[in-house]
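Going by numbering that gives the first Met the number 0, the letters in the sequence shown line up with residues 0 to 747, in that order.
Notes follow the structure.
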Amino acid sequence: MAETNEARYRVGGMDCAACASKIDTAVRRVAGVADVSVSVMAGTMIVRHDGSSDLKAIEKKVTGLGYSVSPFAGSAVLADDHGSHEHHDHDHGDHAGHDHDHEGHDHDHAHGKTEIEGLHGHDHGPMAGPWWQSRKGRLTILSGAALIAAYAVGHLVPAIAPYAFIVAMLVGLVPIARRAVMAALSGTPFSIEMLMTIAAVGAVTINAGEEAATVVFLFLVGELLEGVAAGKARESIQSLTALVPKNALLEDNGQTLEVPAESLAVGAIIMVRPGDRISADGIIVSGESAIDEAPVTGESTPVRKGVDAVVFAGTVNGDAVLRVRVTASAADNTIARIVKLVEEAQESKAPTERFIDRFSRYYTPGVVMVAALVAVVPPMFLSGAWGEWIYKGLAILLIGCPCALVISTPAAIAASLSSGARRGLLMKGGAVLESLGKVTMVAFDKTGTLTEGKPQVTDVVAFGRSEAQVLSRAAVLEQGSSHPLALAILNRAKADGVPVPPAFELEALPGKGVSGKVGGETLDLLSPSAARERGALDGEKDARITALNDEGKSVSVLLVNGAAAGLIAMRDEPREDAEAGLSALKSAGVKAMMLTGDNKRTAAAVAGMLGIDWRGEMMPEDKQRVVVELKRQGFVVAKVGDGINDAPALAAADIGIAMGGGTDVALETADAAVLHGRVGDVARMIELSKRTMRNILQNITIALGLKAVFLVTTIAGITGLWPAILADTGATVLVTINALRLLRLKGQ
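Structure follows, in structure tokens:
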């Protein structure tokens, strides 16, 4: 395979999918270009080429169409190997925030000569600064002023009124016409600019100069509003990067220095004061504090975290000084990865969006044909008045512009992906977002997904002593052990405030348990089979153990001086929100099932508590088989797991959802991820998808509905050019505003 190189650019001034397709069509025509991907929401363009391309020619094409373009720092040519990916990861993380602020201005200086003033607008990613300072804003104001001047002149000297309106119209139309010609030369003959230019020139020829000038002005206002709305959607995800503080307090040889957060190396120790935002992903080395994770996860209650707990960049430290060891560089921290995933997701198109792109390819030329027929047929064959029917034809030309239709899907999807990401619901692309709403069966992994993933003490049974005494003696033997069952006993002892005196002669009995001495007593904590060997269990105690085992609990037996003193039962308990999360799925009409590698008794017990179907004792390939079976039965299956042993099943499902702490494997293999491991988030994800699809449907209805109404009223002669352009830009703005509703976070 020939070596492919990759060049990445920031492109300013795009505000709808029509912009992106114009750029795409133009750049693909440059010799040596293999592939182009343009993202309106991220404001980026990636060009893959064979090295023979003239990159300056590519930039010229884009600036000619009226957009600003600037290469990402240092990404002129990248060989297509792993290096290239690392490289652009970096760009996304490090520069996302800053490039946006300065990009437009640098650009003005750099390309001031080649760029055409007043072209396709605001060249900052999202509109940086107030709208009236952007090019699009300045042009709109200028055009409006010219229009008012024309009215004034026409009023004072009626004889020159027609010429005044023509001049006013040209102020706005010249840049539009220039863009139309560039687009046509680059392979997009039916652009909105072209339709606009034909309509305005046509209106002048039939002596409707006043209307022509007004229509041009209204068109510019509509574009300006579109730009503002697109900027809003773009900012919502970019604002995540702003959560990470710019500086950090680095510990260096016993001193603390304030350094830029971007310069922190993995392994560095930083100090975080109460009330500060944490400046990097890391692990707490000392201190315990309540951490407010709402900015990143939308979780409203602060989470208490102590030594060895994982913390995210951008979250707020509550009440105590923490020392944190950095685990990820600025470009790879959770927030940078979320932003990168969302930007990549916005570049991958949803089926609906692909359909609409194809539809609009035939739709616009179709509209031009209809407009031409309306203008020509009645006067030629039905003795209509030429002036009147040409006017109607021009109005239809404007009504037909597909802007609102083309933006209807990507705007909704971008807003949804952003609002999901802010709640820790990551979806990789429009297609995933679309199919989530169709899910009819969710297969959950058990350990760590429906349950906490670590055992907890559920029962303490004492024989002839108090429960506290049994717990205290068991905890004595488990001190210093890091085994999950030992930790469960120690946590329970700490929670109940039971004293844990130090033990002597602690000894591990492999495969059986532990023994030791304390205060003159010999203590053993054994498995039931080891206790039976010692003859410490009678029929009644055995029956108790069996009953606990049947509830899916593992049991340890405490012996004091060789006699059974008590039982401690433990089990991996369901997460607090598991039941609520499953009932949310049920009420949405989605079935749920639990697949687990655990023994059938434990599986049955947990499933019984949650009221859910289950299959137990399954190997990873068995889980995959069940998923395939469910699909055969006609279910659309989502598989939820923590991503490591579940990779085969995650891949087999229609949608694989990775759960919890964002393990890297999970984020890579799954189609979607729930960062906070809440079971209820799966139902929220499905609900978000359904809301998005409803929103898209509303958008398409608004776009086509308004056009249909005005088409009829125009032909009937009720409405003219002004309402036509209002119908188009109005629909675009309505559709965008409707899509932005998805940014509001509902249902915490």
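Note that beta-carbon positions come from the ideal geometry of N, C-alpha and C, so glycine has one too.
From the DSSP output, read off the bridge partner residues of residue i.
| i | result |
| --- | --- |
| K304 | S288 |
| T187 | Partner(s): none; T187 has no beta bridge. |
| E257 | L248 |
| R47 | E5, D34 |
| F443 | M593, V639 |
| V673 | L424, M658 |
| G226 | Note: G226 sits in no beta bridge, so no partner. |
| R276 | V315 |
| I282 | V309, R324 |
Hey, how far is the Cα of residue i from the Cα of residue j?
| i | j | result |
| --- | --- | --- |
| A546 | R464 | 21 Å |
| A648 | P350 | 24 Å |
| L748 | G208 | Outside the displayed span of the chain (0 to 747) sits residue 748, for which this structure offers no information. |
| V366 | M193 | 13 Å |
| A682 | A461 | 42 Å |
| R27 | A198 | 29 Å |
| R614 | V625 | 9 Å |
| G392 | L155 | 32 Å |
| L687 | H675 | 17 Å |
| V10 | D641 | 38 Å |
| L733 | R177 | 28 Å |
| M569 | P454 | 6 Å |
| F443 | S586 | 17 Å |
| I165 | A212 | 7 Å |
| N252 | G452 | 39 Å |
| A327 | A308 | 15 Å |
| I724 | S142 | 16 Å |
| S748 | K60 | What is shown of the chain runs 0 to 747, which leaves residue 748 out entirely. |
| G12 | E387 | 37 Å |
| N560 | L522 | 6 Å |
| R276 | F71 | 29 Å |
| V376 | V711 | 17 Å |
| F311 | G230 | 27 Å |
| D749 | K540 | Residue 749 lies beyond the residue range present for the chain, which begins at 0 and ends at 747; the question has no answer from this structure. |
| T139 | A149 | 15 Å |
| E58 | D23 | 12 Å |
| T662 | V673 | Confidence at T662 is low in this model, with a pLDDT of 48, below 50, so the placement of that residue should be treated as unreliable; the coordinate-derived value is given next. So the two alpha carbons sit approximately 11 Å from each other. |
| A467 | R693 | 57 Å |
| P498 | A267 | 37 Å |
| A430 | D53 | 34 Å |
| I45 | I269 | 36 Å |
| V556 | A494 | 21 Å |
| E506 | E628 | 49 Å |
| I191 | S359 | 12 Å |
Starting from residue i, trace the beta strand (DSSP E) in both directions and tell me its first and last residue.
| i | result |
| --- | --- |
| L505 | 503-508 |
| V517 | 512-517 |
| N4 | 4-11 |
| P454 | 450-461 |
| G565 | 562-573 |
| S67 | 67-70 |
| A657 | 654-658 |
| I269 | 268-271 |
| V554 | 553-559 |
Please report the residue range of the alpha helix (DSSP H) in which residue i lies.
| i | result |
| --- | --- |
| M684 | 679-714 |
| E616 | Here E616 belongs to no alpha helix (DSSP H), and DSSP marks it neither H nor E. |
| L484 | 483-495 |
| K585 | 577-586 |
| T735 | 720-739 |
| A542 | 538-549 |
| A646 | 646-651 |
| V152 | 134-155 |
| L522 | Here L522 belongs to no alpha helix (DSSP H); instead the beta strand (DSSP E) covers 520-525. |
| S52 | Where S52 is concerned, there is no enclosing alpha helix (DSSP H), given that its DSSP letter is neither H nor E. |
Does any heavy atom of the ligand ZN sit closer than 7 Å to the C-beta of residue i?
| i | result |
| --- | --- |
| I277 | Here there are no bound small molecules, and the ligand ZN is not part of this structure. |
Exercise for review: Could you tell me whether the segment 279-286 touches the segment 250-257, where touching means 3 or more Cβ pairs closer than 8 Å?
Suggested key: no
Exercise for review: For the segment 205-220 and the segment 166-179, state whether three or more C-beta atom pairs, one from each stretch, are separated by less than 8 Å.
Suggested key: yes
Exercise for review: Let me know the beta strand (DSSP E) ranges lying completely inside the segment 386-427, each 3 residues or longer, listed in chain order.
Suggested key: 424-426
Check your understanding: Counting only runs that start and end within the segment 306-389, where is the alpha helix (DSSP H) found for 4 or more residues in a row?
Key -> If you keep only unbroken alpha helix (DSSP H) runs of at least 4 residues inside the segment 306-389, you get 333-346, 350-380.
Review point. Quick check: the segment 409-427 against the segment 505-514, are there 3 or more CB pairs under 8 Å?
Key: By the Cβ test, the segment 409-427 is not in contact with the segment 505-514, since fewer than three Cβ pairs between them sit closer than 8 Å.
Exercise for review: Report yes or no: do the segment 274-283 and the segment 318-333 share at least 3 C-beta pairs separated by less than 8 Å?
Suggested key: yes
Exercise for review: Evaluate the contact criterion for the segment 542-559 versus the segment 395-411: three or more CB pairs, one atom per stretch, below 8 Å.
Suggested key: no
Review point. Taking three-plus beta-carbon pairs below 8 Å as touching, is the segment 696-709 in contact with the segment 402-412?
Key: yes
Review point. Is the segment 469-479 in contact with the segment 585-601, if contact means three or more CB pairs nearer than 8 Å?
Key: A contact is defined here as three or more CB-CB pairs under 8 Å, and the segment 469-479 fails this definition with respect to the segment 585-601.
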